[in-house]
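To keep things clear, I will list the structure first and then write my remarks on it.
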Amino acid sequence: MAGTAVPRRLTWQLAEVAASNLETPETTSLVFDVPDWPGHLPGQHVDVRLTAEDGYQAQRSYSIASPPENPRLVLTVERVKDGEVSPFLLDELRVGDRLELRGPIGGYFTWEAARGGPLLLVAGGSGIVPLMAMIRHRFAASGDAPVRVLYSSRTFIDVIYRDELAYLTGLDSAVEVIHTLTRAQPADWQGYRRRIDKEMLAEVAWPPADRPHVFVCGPTPLVEGVAAALTELGHDPARVKTERFGPSGG
Amino acid sequence: MDDESRLDGNAAGGMLAEVFAFEMTTAEIVCAGCGTVAPVGTTIVYAHGMGTIVRCATCDTAVIRVAQVRGRYWLDLQGTRTLRIETS
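This is the structure we're talking about:
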């Protein structure tokens with residue numbers, strides 16, 4: 000973990016499923032008890048490893064959704080059709096089951112409340128997960144960083160953490176969430192109705208002069224498009240941190 | 000290489016932590032191909048089966064290849080001029 004003077008060897012450990020919460024029809028938050036969890040930074044991930052009876056192993060990375068303040072580790076997993084790992088996690092795993100994971104991993108795509116803001120978080124689909132850890136941490140640590148979230152989903156029911164995001168923005172006007180729905184919108188929809196583009200970012204993002212910390216997470220085309228547009232708008236590329244997840248996730 | 004398996008250096012964090020003692024996504028890598036200096040987290044990563052290839056986002060040089068074969072790690076750093084690793 001970044002900032003640790005004595006590096007800790009990354010090892011596989013057993014985590015026990017404590018709860019499972021449906022977020023959307025295609026995503027579920029899995030809550031784990033992990034004995035001796037060393038703590039993590041918002042934005043970090045874990046590797047999950049499944050081993051079949053014949054010894055075949057499949058491994059995937061999942062972002063941590065819970066803030067460091069949460070004693071339990073939460074992973075929000077999206078179903079990947081024909082995937083090797085996510086269908087098992089969503090359909091087969093039961094409370095009390097144990098699985099192998101290792102982490103926390105990653106120091107690049109991380110933010111702590113002590114670093115301050117303003118914070119611009121741009122997400123596509125389940126790319127919201129590591130950003131949610133940052134948002135939850137911002138509240139749990141009683142931070143005051145202004146936060147703007149631009150979040151692209153296909154349809155209204157695909158919006159992960161929809162109620163929680165609405166609740167949190169109601170608690171503190173310094174936290175704003177702007178949604179765009181790319182495929183279908185409710186009749187009374189007030190938000191954006193297209194993929195994130197440069198014009199949308201110009202309207203939503205903090206001006207470059209405010210020197211925001213920017214985190215972008217989602218499918219590769221979204222991440223690369225957003226990063227390029229932000230650079231064109233004058234943002235310092237070094238302050239735009241990206242995390243791509245491939246459709247191969249599984 | 001198809002786009003399906005294309006990730007970034009953040010996804011290689013676990014594999015690199017098997018070999019290196021330090022957090023590697025923040026390590027700066029100097030590409031031997033084009034001289035670009037970039038945190039590992041910003042590189043392009045292809046993960047296939049037992050192996051991981053880290054490529055320079057600027058010139059596509061394979062800067063790091065890691066594979067685990069029959070109880071051994073194979074680490075190919077031909078495409079890396081220097082790795083600058085934070086110790087704290």
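Line by line, the protein sequences are chains A and B.
Numbering that gives the first Met the number 0 puts the last residue of the first sequence at 249; the count rises by one with no breaks.
Numbering that gives the first Met the number 0 puts the last residue of the second sequence at 87; the count rises by one with no breaks.
In this text, a Cβ means the ideal position worked out from N, Cα and C, and glycines have one as well.
Separation of residue 205 of chain A and residue 148 of chain A (C-alpha to C-alpha, rounded to the nearest whole angstrom) is 11 Å.
The shortest CA-to-CA distance from residue 120 of chain A to any of A:165, A:212 and A:17 is the one to A:212. DSSP, reduced to helix, strand and coil, places residue 63 of chain A within a strand of the structure shown. In this structure, residue 142 of chain A places its C-beta atom within 8 Å of the C-beta atom of residue 112 of chain A. In summary, residue 129 of chain A is buried, with 16 or more beta-carbon neighbours lying within 10 Å of its beta-carbon over all protein chains present. Per DSSP, reduced to three states, the secondary structure at residue 81 of chain B is strand. Around residue 21 of chain A, the same chain offers 27 as residues with beta carbons nearer than 7 Å, after the five sequence neighbours per side are excluded. Within a 10 Å sphere around the beta-carbon of residue 33 of chain B sit fewer than 16 other beta-carbons, which makes this residue exposed. Residue 188 of chain A counts as exposed, since fewer than 16 other C-beta atoms from the protein chains shown sit within 10 angstroms of its C-beta.
In terms of CA proximity to residue 82 of chain B, B:28 leads the group B:8, B:18 and B:28. Looking at B:78, B:12 and B:67, the one whose alpha-carbon comes closest to that of residue 35 of chain B is B:78. Per DSSP, reduced to three states, the secondary structure at residue 40 of chain B is helical. Rounded to whole angstroms, the gap between the alpha carbons of residue 103 of chain A and residue 191 of chain A is 35 Å. DSSP assignment within the segment 131-188 of chain A yields the following whole beta strand (DSSP E) runs of 3 residues or more, N-terminal first: 146-152 and 174-180. A Cβ-Cβ separation of about 15 Å leaves residue 173 of chain A out of contact with residue 203 of chain A under the 8 Å criterion. In this structure the segment 29-40 of chain A lies against the segment 64-78 of chain A, because at least three pairs of beta carbons, one per stretch, are closer than 8 Å. Taking CB atoms only, residue 231 of chain A has no neighbour in chain B less than 8 Å away.
DSSP places residue 53 of chain B in the strand class (E or B) of the three-state scheme. The beta-carbon of residue 16 of chain B is placed less than 8 Å from the nearest beta-carbon of chain A. Interface flag for residue 35 of chain B against chain A is unset, since no Cβ pair is found closer than 8 Å.
Distances from the alpha-carbon of residue 80 of chain B to those of B:10, B:55, B:73 and B:86 put B:55 closest.
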